[in-house]
Amino acid sequence: MELVSGEIAEDITNYYAVSEQIPTVCALGVLVDPNTNGVLLAGGLLIQVLPGALPQDIEKLEANIATRWATDHHHAPQRA
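Position 29 of the sequence shown, counted from 1, bears residue number 324 in my numbering, the numbering being contiguous throughout.
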């Protein structure tokens, strides 16, 4: 599988969309100290919908993730 962009979250999302065909949300983030360039915090999430999930529950999850992630990081996570 080729890399799409070199951005880890985007490449992971693409892998699940193309190879596994599993709806997936992947978001990663790193907080860097501007004075030392050291990593202060790092984290992420990988969410996959289980079989039998209701469409309205999936929509609510997607909206919650997009709202929360955009508030904290000023852009949306990658989604397959």
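The C-beta atom is built at its ideal place from N, Cα and C for all residues, glycine as well. These numbers come from a predicted model, not from an experiment.
Report task. Give the range of the beta strand (DSSP E) segment to which alanine 337 is assigned. Result -> By 1-based counting over the sequence shown, the position of residue 337 is 42. Alanine 337 -> beta strand (DSSP E) spans 334-343.
Requested in this report: Answer with buried or exposed for isoleucine 317, where buried requires no fewer than 16 other C-beta atoms within 10 angstroms of its C-beta.
Outcome: Mapped onto the sequence shown, residue 317 falls at position 22. Exposed, by the Cβ-count rule.
Report task. Give the range of the beta strand (DSSP E) segment to which threonine 319 is assigned. Result -> Walking along the sequence shown from the start, residue 319 turns up at place 24. Start and end: 319-327.
Report task. Would you give the residue range spanned by the alpha helix (DSSP H) that threonine 308 belongs to? Result -> Here residue 308 corresponds to residue number 13 of the sequence shown, with the count starting at 1. 303-310 is the extent of the alpha helix (DSSP H) around threonine 308.
Query raised in the report: DSSP state of valine 299, grouped into three classes?
Result: Along the sequence shown, read from residue 1 onward, the residue named residue 299 stands at position 4. Coil.
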